[in-house]
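Novice: In the numbering used here, the protein residues as written are -5 to 135. Please read through the structure below; I'll follow up with questions.
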Ligand code: 5GP
């Protein structure tokens, strides 16, 4: 499949559609997942085109991983999560639904209680209040 420059994450990078940002630098963007699997579920993307791990430039993967580590630490601290799951899906069969490389940071609170993947939307005001906690934890590092 060819990379679609109009996928929703590419449009967020260009500022064409909104997202609840928690972190941004020259190479990456981190924002709240609108269908979170647990409170604090955050996504990290490189800003450059790349559908998955397989076709992305190593520099883009590296930048995204660096941001994922930084934001994961902040998410875990902000939500006092005893565990954190980091996932990344390649291809529809693997569960990928948005075809721009991204890493999921999913706080784990109690074993076996994650909501299903990409299923149920959570109110923007709730996500914004969670983002406030993550931004504060990032500032504290
Ligand atoms: P994937 O299934 O490709 O690994 O993950 C895509 C993720 O993007 C899902 O967890 C889904 O909830 C999230 N998502 C889908 N559409 C939007 C959107 O418009 N805004 C945000 N913030 N997240 C989205």
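Here a beta-carbon is modelled for each residue, glycine too, at the ideal position from N, C-alpha and C. For clarity, every value in this text was computed on a predicted model and none was experimentally measured.
Extract the residue ranges of the beta strand (DSSP E) inside the stretch 20 to 64, only unbroken runs of 3 or more that lie entirely within it.
Specialist: List check, beta strand (DSSP E) in window: 22 to 26, 36 to 40.
Novice: Hey, residue 58 and residue 44: beta-carbon distance below 7 Å or not?
Specialist: Start at 1 with the first residue of the chain shown, and residue 58 comes out as number 64. Start at 1 with the first residue of the chain shown, and residue 44 comes out as number 50. Their beta carbons are not under 7 Å apart, which means residue 58 does not touch residue 44 by this criterion.
Novice: Report all residues from its chain with a CB closer than 6 Å to the CB of residue 83; omit the five preceding and five following residues, and keep chain order.
Specialist: Position 89 of the chain shown, counted from the start, is the residue given in the question as residue 83. Answer for residue 83: 89, 90, listed in chain order.
Novice: May I ask which residues mark the beginning and end of the alpha helix (DSSP H) holding residue 2?
Specialist: Position 8 of the chain shown holds residue 2. Its alpha helix (DSSP H) spans residues 2 to 7.
Novice: Following the continuous alpha helix (DSSP H) through residue 122, name the residue where it begins and the one where it ends.
Specialist: Working through the chain shown from its first residue, we reach residue 122 at position 128. Here the alpha helix (DSSP H) through residue 122 covers 118 to 133.
Novice: Is residue 83 helix, strand or coil by DSSP?
Specialist: If you number the chain shown from 1, residue 83 lands on position 89. Correct three-state label for residue 83: coil.
Novice: Going straight from the alpha carbon of residue 131 to that of residue 1, what length do you get?
Specialist: Here residue 131 corresponds to residue number 137 of the chain shown, with the count starting at 1. Here residue 1 corresponds to residue number 7 of the chain shown, with the count starting at 1. For residue 131 and residue 1, the distance between alpha carbons rounds to 30 Å.
Novice: Report the CB separation of residue 25 from residue 14 in whole angstroms; it is logged as a contact under 8 Å.
Specialist: As a first step, residue 25 must be located in the chain shown, where it is residue number 31. As a first step, residue 14 must be located in the chain shown, where it is residue number 20. At roughly 6 Å, the Cβ-Cβ gap stays under 8 Å, so residue 25 and residue 14 are in contact.
Novice: Quick check: what's the CA-CA separation for residue 111 versus residue 81?
Specialist: The residue labelled residue 111 in the question sits at position 117 within the chain shown. The residue labelled residue 81 in the question sits at position 87 within the chain shown. Distance between the alpha carbons of residue 111 and residue 81: 11 Å.
Novice: Which residues does DSSP list as the beta-bridge partners of residue 78?
Specialist: Taking the first residue of the chain shown as 1, we reach residue 78 at position 84. The partner list for residue 78 (beta bridge, DSSP) reads 101.
Novice: Can you list, in chain order, the residues of its chain whose CB lies under 8 Å from that of residue 22, leaving out five sequence neighbours each side?
Specialist: Within the chain shown, numbered from 1, the residue matching residue 22 stands at position 28. These residues qualify, in order along the chain: 38, 39, 40, 41, 57, 58, 60, 61.
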